[in-house]
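Student: Here it is, the structure in full.
Protein chains: 2
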Amino acid sequence: MAVRLADVAAACKLSTSTVSRALSDPEKVNALTRSRVERIAREMGYVPSRVARSLVSGRTDSIGLVVPDIANPFFSAMTKAVQARARDKGYSVILADTDERAVDELDRARTLDKQADGLILASPRTDAAQLREIAENSQTVFANREVDGAASVVIDESEGMNEAVQYLVSLGHRSICYLSGPSRSWSNLQRREAINAACVANEAELIELGPFEPQIQAGMRAADVVQFKGATAVIAYDDMIALGVMARLAERGVQVGREISVIGIDDSPLSEVAYPLLTTIHLPGAELGATAVDLLLEQLDSAATDSEPPRLCLETRLVIRGSTGLRVS
Amino acid sequence: MAVRLADVAAACKLSTSTVSRALSDPEKVNALTRSRVERIAREMGYVPSRVARSLVSGRTDSIGLVVPDIANPFFSAMTKAVQARARDKGYSVILADTDERAVDELDRARTLDKQADGLILASPRTDAAQLREIAENSQTVFANREVDGAASVVIDESEGMNEAVQYLVSLGHRSICYLSGPSRSWSNLQRREAINAACVANEAELIELGPFEPQIQAGMRAADVVQFKGATAVIAYDDMIALGVMARLAERGVQVGREISVIGIDDSPLSEVAYPLLTTIHLPGAELGATAVDLLLEQLDSAATDSEPPRLCLETRLVIRGSTGLRVS
DNA sequence: CACGATGCCGGAAACGGTTGCGGTATCGTG
DNA sequence: CACGATACCGCAACCGTTTCCGGCATCGTG
Numbered sequence: 011m012a013v014r015l016a017d018v019a020a021a022c023k024l025s026t027s028t029v030s031r032a033l034s035d036p037e038k039v040n041a042l043t044r045s046r047v048e049r050i051a052r053e054m055g056y057v058p059s060r061v062a063r064s065l066v067s068g069r070t071d072s073i074g075l076v077v078p079d080i081a082n083p084f085f086s087a088m089t090k091a092v093q094a095r096a097r098d099k100g101y102s103v104i105l106a107d108t109d110e111r112a113v114d115e116l117d118r119a120r121t122l123d124k125q126a127d128g129l130i131l132a133s134p135r136t137d138a139a140q141l142r143e144i145a146e147n148s149q150t151v152f153a154n155r156e157v158d159g160a161a162s163v164v165i166d167e168s169e170g171m172n173e174a175v176q177y178l179v180s181l182g183h184r185s186i187c188y189l190s191g192p193s194r195s196w197s198n199l200q201r202r203e204a205i206n207a208a209c210v211a212n213e214a215e216l217i218e219l220g221p222f223e224p225q226i227q228a229g230m231r232a233a234d235v236v237q238f239k240g241a242t243a244v245i246a247y248d249d250m251i252a253l254g255v256m257a258r259l260a261e262r263g264v265q266v267g268r269e270i271s272v273i274g275i276d277d278s279p280l281s282e283v284a285y286p287l288l289t290t291i292h293l294p295g296a297e298l299g300a301t302a303v304d305l306l307l308e309q310l311d312s313a314a315t316d317s318e319p320p321r322l323c324l325e326t327r328l329v330i331r332g333s334t335g336l337r338v339s
Numbered sequence: 011m012a013v014r015l016a017d018v019a020a021a022c023k024l025s026t027s028t029v030s031r032a033l034s035d036p037e038k039v040n041a042l043t044r045s046r047v048e049r050i051a052r053e054m055g056y057v058p059s060r061v062a063r064s065l066v067s068g069r070t071d072s073i074g075l076v077v078p079d080i081a082n083p084f085f086s087a088m089t090k091a092v093q094a095r096a097r098d099k100g101y102s103v104i105l106a107d108t109d110e111r112a113v114d115e116l117d118r119a120r121t122l123d124k125q126a127d128g129l130i131l132a133s134p135r136t137d138a139a140q141l142r143e144i145a146e147n148s149q150t151v152f153a154n155r156e157v158d159g160a161a162s163v164v165i166d167e168s169e170g171m172n173e174a175v176q177y178l179v180s181l182g183h184r185s186i187c188y189l190s191g192p193s194r195s196w197s198n199l200q201r202r203e204a205i206n207a208a209c210v211a212n213e214a215e216l217i218e219l220g221p222f223e224p225q226i227q228a229g230m231r232a233a234d235v236v237q238f239k240g241a242t243a244v245i246a247y248d249d250m251i252a253l254g255v256m257a258r259l260a261e262r263g264v265q266v267g268r269e270i271s272v273i274g275i276d277d278s279p280l281s282e283v284a285y286p287l288l289t290t291i292h293l294p295g296a297e298l299g300a301t302a303v304d305l306l307l308e309q310l311d312s313a314a315t316d317s318e319p320p321r322l323c324l325e326t327r328l329v330i331r332g333s334t335g336l337r338v339s
């Protein structure tokens, strides 16, 4: 069916080794024969088999990406960046979506590991011990999660969170409600700690609700609880929940931005179309993805140097829009 | 490094052929030795090399998916479905995002073709001749695009479009504005034809504007043109544009749903958080993805039967929310 | 006992490339 | 002219599986 190296060799009246070298190792072969081989190969429509090449090289030139939910704008933006950067470097991306099922993460990671040269695990929910095991057995970079002894790139939310709390306090809010994300989520833990510290520092009361799934529907449910609690300022685990809250509050006739202030986290494109526009903590999702790829490829090239794996940290900032305002009592 | 079949064979004092059979073709081997092999293989942590297996089987058990923009909710929803269905069938998904660059589509498709058993091309912008060439050289299913002689699954928008126009007319609108999507987009062509037919049938005037990129920013620009033209009813190429229009109109103090009616296409999750909630034509994106996978796998199994490739068509319906209302003059 | 059938297993050839090593011209130099 | 260096190319092994084919026991049957 497909034309093989041997076919080209036959047509050139050369050995497969020479043809192979002519096409991939141009130095080692006569310039004349090389151009002849190249021409004939082109004419015959030869394309090398990646599989065969992988078998001998031991590399597949592809990386695996595991995300909790590709439909979540944060992860789709990140995925886009991962794909773009990987392609720039000559790698392709195998995608796995766990649909927020923590138990599937390990399985997916292990499956991908056999097909890819390395793995990027985005916001994994699995516990540290198992993640460490994955990291030991395969080249791995964690995004949005730190794991001892493994490479990772995370987002430091404390600064943005502090800005957010300070801003709310300056608007007159003394009691702030945090809507928790998935309980197994590392970043939820980070955000909780950050908001807690920020509340202490700014002398505000913190009310925690949740956990809620990072989805609009869950946010709508959360809105009812929020209103029941009589909160005037809300910071949600992410934009999806925040948007759900806003949508539900609007449904109930509550004026967001006046009667109640809502802050999201992500700065997804949606936050610019919601009404009112959503005040949110900007998360550099694209940068996260691109950096994760860079880290992974570095790791692949530097073939198992047992030096301490790198841990990178990206910054956040608060983006103020219309969903927050002066406290009215 | 990794434990190979030969290592297991040595440990079992058997030949690789027997071990191979014991693990994959359980009938052909003594039950006793089989269980022994299985045990030893497990103890040694043996995992078969997918690459080596692919080399002989000729299959990679993965499919390639090419999308114009994974950050677009329509495609991320579709991708999610593709991934889920593929995984159910034992396949993994290699993702390529062209970032709406039509010229890259062919290249991506050809690259993926070498790594995957088959391809799904979602909403390709490339011209038919080149797509047909792709389809001839590799197992391909087109999603959201019909190509002569190739398998495809598309969404028939005429019904939904007709509902939409009829609905707008019943609200008193006599002139309807259509915001075109990418000019190379097949589905944009479909939608234009559908709305045109619907307008003729319902005796409404049609005003076409565009083209606009399917992004919120482009929709915001579109809003200014819309307002300049004095239109009272707008149907946008997709939800992203519609949301951009709404956001910009809100910015300018125009009350969407009262002064002007806006209809999107997609029914993405965003349409439920926008304010007002976006009336939109529901597109079965997940179903589209899942069906494309089914078609592709059928095609792979039925190994080149030269029967006419299947063309499937999914239905749409109008979802009425708050962004549309009676015409006020 | 002899013989064919049957059940298990091993040898070896694929699959399609890459690469170390050795062989053969060709050339320059003493 | 002889010899060593050099540039090119071919042979064959190898990557890790699968699978065809044939061999050897074992068993049942005539």
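These protein sequences, in sequence, are chains V and B.
Here the first sequence stands for residues 11 to 339, where the numbers follow the working numbering.
Here the second sequence stands for residues 11 to 339, where the numbers follow the working numbering.
Glycine included, every Cβ here is placed at the ideal spot set by N, Cα and C.
Predicted model, so just to flag it, every value in this text is computed and none were measured.
Could you check whether Val61/B and Ile226/V sit closer than 8 Å to each other, using their CB atoms as the reference points?
Tutor: Here residue 226/V corresponds to residue number 216 of the first sequence, with the count starting at 1. Here residue 61/B corresponds to residue number 51 of the second sequence, with the count starting at 1. No, they are not a contact pair.
Student: Could you work out which residue in Leu219/V, Gly182/V, Thr290/V, Thr334/V is closest to Leu328/V when comparing CA atoms only?
Tutor: Mapped onto the first sequence, residue 328/V falls at position 318. Out of Leu219/V, Gly182/V, Thr290/V, Thr334/V, Thr290/V has the C-alpha closest to the C-alpha of Leu328/V.
Student: Counting only beta-carbon atoms, is Pro279/V nearer than 8 Å to chain B?
Tutor: Indexing the first sequence from 1 puts residue 279/V at position 269. With 8 Å as the cut-off, Pro279/V counts as an interface residue toward chain B.
Student: Identify which residue in Gly68/B, Val66/B, Cys22/B, Thr26/B has its Cα closest to the Cα of Arg46/B.
Tutor: Here residue 46/B refers to the residue found at position 36 of the second sequence. Comparing Cα positions, the closest option is Cys22/B.
Student: Under the three-state reduction of DSSP, which class applies to Tyr247/V: helix, strand or coil?
Tutor: Against the first sequence, residue 247/V aligns to sequence position 237. In the structure shown, Tyr247/V sits in coil (DSSP, three-state: anything other than H, G, I, E or B).
Student: Determine which residues share a DSSP beta bridge with Phe152/V and list them.
Tutor: Stepping through the first sequence from its first residue, residue 152/V is reached at position 142. Paired residues: Leu131/V, Ser162/V.
Student: If we define contact as Cβ-Cβ less than 8 Å, is Leu253/B a contact residue for chain V?
Tutor: In the second sequence, the residue the question calls residue 253/B occupies position 243. Yes, Leu253/B counts as interfacial toward chain V.
Student: DSSP puts Leu2/B in a beta bridge; with which residues?
Tutor: There is simply no residue 2/B to check, as chain B begins at 11 and stops at 339 in what is shown.
Student: Could you tell me whether the Cβ of Ser72/B comes closer than 8 Å to any Cβ of chain V?
Tutor: On the second sequence, residue 72/B is found 62 positions in, with the first residue counted as 1. Judged by the 8 Å Cβ criterion, Ser72/B is in contact with chain V.
Student: Got a sec, what are the start and stop residues for the beta strand (DSSP E) Thr289/B sits in?
Tutor: Your numbering for residue 289/B matches position 279 in the second sequence. First-last of the beta strand (DSSP E) with Thr289/B: 289-292.
Student: Check whether the region 187-201 of chain V and the region 246-265 of chain V touch, using three or more Cβ-Cβ pairs below 8 Å as the test.
Tutor: The region 187-201 of chain V, when compared against the region 246-265 of chain V, does touch it at the 8 Å Cβ threshold.
Student: Anything in the region 86-97 of chain B with a Cβ closer than 8 Å to a Cβ of chain V? List those residues in chain order, please.
Tutor: Listed in sequence order: Ser86, Ala87, Thr89, Lys90, Gln93, Ala94, Arg97.
Student: Just to confirm the assignment, what range does the alpha helix (DSSP H) spanning Leu324/V have?
Tutor: Position 314 of the first sequence, counted from the first residue, corresponds to residue 324/V. Run containing Leu324/V: none in the alpha helix (DSSP H); it sits in the beta strand (DSSP E), 321-325.
Student: Can you give me the C-alpha to C-alpha distance between Ser72/V and Ala126/V, rounded to a whole angstrom?
Tutor: Counting from one through the first sequence, the residue named residue 72/V turns up at place 62. Counting from one through the first sequence, the residue named residue 126/V turns up at place 116. Answer to the nearest angstrom: the Cα atoms are 5 Å apart.
Student: Is the beta carbon of Glu156/B less than 8 Å from the beta carbon of Ala204/B?
Tutor: By one-based count along the second sequence, residue 156/B stands at place 146. By one-based count along the second sequence, residue 204/B stands at place 194. Not closer than 8 Å, so no.
Student: What three-state label does DSSP hand Gly240/V in the structure shown?
Tutor: Numbered from 1 along the first sequence, position 230 holds the residue referred to as residue 240/V. Coil, per DSSP.
Student: If you draw a straight line from the C-alpha of Asp349/V to the C-alpha of Ser185/B, how long is it?
Tutor: What the structure shows of chain V is the stretch from 11 to 339, and residue 349/V is not part of that stretch, so it cannot be assessed.
Student: Do Ile217/V and Leu298/V have their beta-carbon atoms positioned less than 8 Å apart in this structure?
Tutor: Working through the first sequence from its first residue, we reach residue 298/V at position 288. Working through the first sequence from its first residue, we reach residue 217/V at position 207. It is not a contact, given that the beta carbons lie outside the stated cut-off.
Student: Ignore the nearest five residues each way along the sequence and tell me which others in Arg69/B's own chain have a CB closer than 7 Å to its CB.
Tutor: The residue labelled residue 69/B in the question sits at position 59 within the second sequence. Within the same chain, Arg69/B has close Cβ partners Asp127.
Student: Is the CB-CB distance between Gly55/V and Leu129/V below 8 Å?
Tutor: Stepping through the first sequence from its first residue, residue 55/V is reached at position 45. Stepping through the first sequence from its first residue, residue 129/V is reached at position 119. Going by C-beta atoms, Gly55/V is not nearer than 8 Å to Leu129/V.
Student: Suppose only complete runs of 3+ residues qualify. What are the beta strand (DSSP E) ranges in the region 53-89 of chain V, listed by chain order?
Tutor: DSSP runs (the beta strand (DSSP E)) wholly in the region 53-89 of chain V: 72-77.
Student: What in chain V is Cβ-close to Glu282/B, meaning under 7 Å?
Tutor: Here residue 282/B corresponds to residue number 272 of the second sequence, with the count starting at 1. In chain order: Ile226, Ala257.
Student: Could you please give the first and the last residue of the uninterrupted alpha helix (DSSP H) stretch that includes Gly170/V?
Tutor: Here residue 170/V refers to the residue found at position 160 of the first sequence. It spans 168-180 - the alpha helix (DSSP H) in which Gly170/V sits, taken as one unbroken run.
Student: What does Ser30/V touch in chain B if you count any residue whose Cβ is under 8 Å from its own?
Tutor: Locating residue 30/V in the first sequence gives position 20, where the first residue counts as 1. None at all; the shortest Cβ gap to chain B is about 16 Å.
Student: Identify which residue in Phe85/V, Ile273/V, Val76/V has its Cα closest to the Cα of Ile80/B.
Tutor: Taking the second sequence and counting its residues from 1, the one referred to as residue 80/B is at position 70. Measuring from the Cα of Ile80/B, the nearest candidate turns out to be Phe85/V.
Student: Any idea what DSSP makes of Ala214/V, helix, strand or coil?
Tutor: Along the first sequence, read from residue 1 onward, the residue named residue 214/V stands at position 204. Ala214/V falls in the coil class under three-state DSSP.
Student: Check each residue of the region 46-66 of chain B: if its Cβ is closer than 7 Å to any Cβ of chain V, include it; give the result in chain order.
Tutor: Listed by position, the residues of the region 46-66 of chain B near chain V (Cβ gap below 7 Å) are Val57, Arg60, Val61, Ala62, Ser64, Leu65.
Student: If you run the structure through DSSP and keep just helix, strand and coil, what is Gly229/V?
Tutor: Numbered from 1 along the first sequence, position 219 holds the residue referred to as residue 229/V. Gly229/V: helix per DSSP, three-state reduction.
Student: Run through DSSP, which three-state label would Ala126/B get?
Tutor: The residue labelled residue 126/B in the question sits at position 116 within the second sequence. Of the three classes helix, strand and coil, the one that applies to Ala126/B here is coil, per DSSP.
Student: Quick check on Asn198/V: buried or exposed, where buried means 16 or more other Cβ atoms within 10 Å of its Cβ?
Tutor: For this step, residue 198/V is matched to residue 188 along the first sequence. Buried is the call here.
Student: Out of curiosity, what's the CA-to-CA distance linking Gly254/V and Glu48/V?
Tutor: Here residue 254/V is taken as the residue at index 244 of the first sequence, counted from 1. Here residue 48/V is taken as the residue at index 38 of the first sequence, counted from 1. Those two C-alpha atoms are separated by around 59 Å.
Student: Return yes when the Cβ of Leu15/B is within less than 8 Å of the Cβ of Val29/B, no when it is not.
Tutor: To locate residue 29/B, count along the second sequence from 1; it is residue 19. To locate residue 15/B, count along the second sequence from 1; it is residue 5. In contact: Val29/B and Leu15/B (Cβ atoms closer than 8 Å).
Student: Exposed or buried, what is Glu115/B when buried is set at 16 or more other beta-carbons lying within 10 Å of its beta-carbon?
Tutor: Here residue 115/B is taken as the residue at index 105 of the second sequence, counted from 1. Answer is buried; the Cβ neighbour count reaches 16.
Student: How is Gly335/V classed by DSSP in three states: helix, strand or coil?
Tutor: Numbered from its first residue, the first sequence carries residue 335/V at position 325. Three-state result, Gly335/V: coil.
Student: Less than 8 Å between the CB atoms is what I'm expecting for Leu280/B and Leu288/V, so what's the real figure, rounded?
Tutor: Taking the first residue of the second sequence as position 1, residue 280/B is located at position 270. Taking the first residue of the first sequence as position 1, residue 288/V is located at position 278. Contact flag wrong, Cβ pair sits at about 12 Å.
Student: If the criterion is Cβ atoms closer than 8 Å, does the pair Gly332/V and Gly229/V meet it?
Tutor: Sequence index remark: in the first sequence, residue 332/V carries index 322 (1-based). Sequence index remark: in the first sequence, residue 229/V carries index 219 (1-based). No.
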